[in-house]
Each structure stands twice: as C-alpha cells, then as structure tokens.
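Counting in the UniProt record's numbering, the sequence shown tops out at residue 283, every number present.
From the three backbone atoms N, C-alpha and C, an ideal C-beta is built for every residue, glycine too.
It should be emphasised that the depicted structure is a prediction, and the values quoted were computed from it without experimental measurement.
For reference, the structure is listed below as structure tokens.
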Amino acid sequence: MARTLRLAVLQAAFGDDMAANIATVEKLTRDAAKDGAQVILPPELFQGPYFCKTEDTGHFQTAYPWREHPVVTALAPLAKELGVVLPLSIFERDGQEYYNSLVTVDADGELLGLYRKSHIPDGPGYEEKFYFRPGDTGFKVWNTKFGRLGVGVCWDQWFPEAARAMMLMGAEVLFYPTAIGSEPENPSLDTRERWRRAMTGHAVSNVVPVAAANRIGDEDGQIFYGSSFIVDDGGDFLADMSRKEEGFAAATVDLDEMDEHRASWGFFRDRRPELYGRLTGGR
C-alpha cells in the first residue's frame, strides 16, 4: 500500500497579542485537520508581528525557553488532540542567548526536538542579527508518525546546501516557515517570484515535495505577500494561496512514488563529494 501524506500550509496576519495569534493558528490548524491534513505548517514567528524590522530591545521580553514557550505549551496538546504533526516557529531564549528556533511536535504531542535557524539575515527591514545567534543545532530531519520531515526556517530557504543536507539525512518532504515581503529600502522590488523559484529549485534538484508558509498583512509599511504554496517533486504547484487570503492550502503527496522518482533521476547516485573540496578551493 502506498504511503501518502497530506500537507497543509497556514497563512494569516499576526498582531501584538500572542494569545490571539496562537488562537488564529489553532483555528486554522483545526480547519486543515478537518480537511485531512497530517502535517500542518504555520508561518515563521507567528507569535507576534515580525519584530525584526527594527532594532528594539523590548522584543527580547517575548523570548522563552523552548519547552516553556507559550506557542509550544498551547499547541503541542492540540497536535495530540488532532493527531497531526506541527512544526512550530518560536523566539527562543537559552540563558543569555537568543535564537530563531523551531520545535517539531509529533502527532502524539511529543516534542521531537529543537532546530535553531542556521542562516541569519541582516538588512533593511530584516535585521535579525540584532536578535538571533546563528543556530548551533545543525540541520534536523524529524522522524514523525507520517514520515521523515526536514524543516528549515525562512532565510535557510535561499541556501541549496540546507536543502541538500536535509535530503542526505533522509528527508521525504521539506518545509519552510517564512516571513517574507516588501523591501523597505526598495519599494519597487518584489521578490515573490524569485523566492518561489528558489524553493521550486530545491524540489527539482532534490526530487522532493516542498511546502512554504508565509504571513500576510501590512505591518507598519512592511507588506508581507503571503503566496504560501506546496510543490511536488518536479516543482509543479499542488496548492497555492494569494497574497492576501487568510486560511490554509493542502495537497496530498505519494511518498513511495517520490522515492522512486528520486532514485530514477540519479542525483544522489551521481554525487561526487570527493571533488567538491578541490572545486571550491576547500571552502
């Protein structure tokens, strides 16, 4: 019997009230679960507005140890109740260190562990280096009830190495929660299509489905453009959302079929890691 997996991505606007934001994600998670979704992905840092637009020390008060984070304590029981897997993006505090982190909750409510975002951007409107240390966990692939899931976080999505590393660890689907929108220093620049092309490139080059969840809304002039999506192992869109709608999008993939496709393309068979050091001067 084929192993199929139904995926869903959530899309919404988020404000200053963390409890209200968690309630929004809970509602959309319930809606997606009713539609049969087994793995449900909310956007990055949905606990509040995307606070990295500016450098404000007050935002450090919204970070928590990962096991005690309100997002985790509220939604891990929901994962158990609904029997779904939830990759949850959080602002984590570990002693005197702060991370942009993700906790994967299995369908029985178990916390499978922590991933800390590896690549940290720094630019107008996305000043994350002020808040977050680079992750020290390495990339993670989670062995969940429904399959082996690789999860990067936002800026990780631009790095082919991150996708390939998760695939070499046995990922069967790649997930990317994100917060991406307008560029304050260049209002005419719309990166939506290049973002999508980069993500579909991961799908094609690794022969794997990719799911991305983004926020929407105007946050003090920074406009997040939604457009959450799911693509198959050939980069074709299975589910797609607009720039402004709140809700979820879902699609079903056949993991066994994807595995067969991956073997037949030979991308992993023909890898030459012994050459890469010489080709890049050891970098």
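Would residue 85 and residue 106 qualify as a contact pair, given that the criterion is a beta-carbon distance under 8 Å? yes
Measure the C-alpha to C-alpha separation of residue 277 and residue 113 and round it to an integer number of angstroms. 32 Å
DSSP three-state label for residue 153, please. coil
Residue from 36, 205, 17 whose Cα sits closest to the Cα of residue 271: 205
By the three-class DSSP mapping on this structure, what secondary structure does residue 28 have? helix
How far does the alpha helix (DSSP H) with residue 259 in it reach, from first residue to last? 255 to 265
Helix, strand or coil: how does DSSP classify residue 186 here? coil
Starting from residue 105, trace the beta strand (DSSP E) in both directions and tell me its first and last residue. 97 to 105
State the Cα-Cα distance for the pair residue 24 and residue 14, rounded to the nearest angstrom. 8 Å
Is the CB of residue 161 under 8 Å away from at least one CB in chain B? Here there is only one protein chain, and chain B is not present.
Which runs of the beta strand (DSSP E) fall wholly inside the region 7 to 84 and span at least 3 residues, in chain order? 39 to 41
Would DSSP call residue 130 helix, strand or coil? helix
Between which two residues does the alpha helix (DSSP H) carrying residue 272 extend? Here residue 272 belongs to no alpha helix (DSSP H), and DSSP marks it neither H nor E.
Out of curiosity, what's the CA-to-CA distance linking residue 100 and residue 257? 34 Å
Quickly, what does DSSP pair residue 181 with across the bridge? List them, please. 224
Secondary structure at residue 200, three-state DSSP: helix, strand or coil? helix
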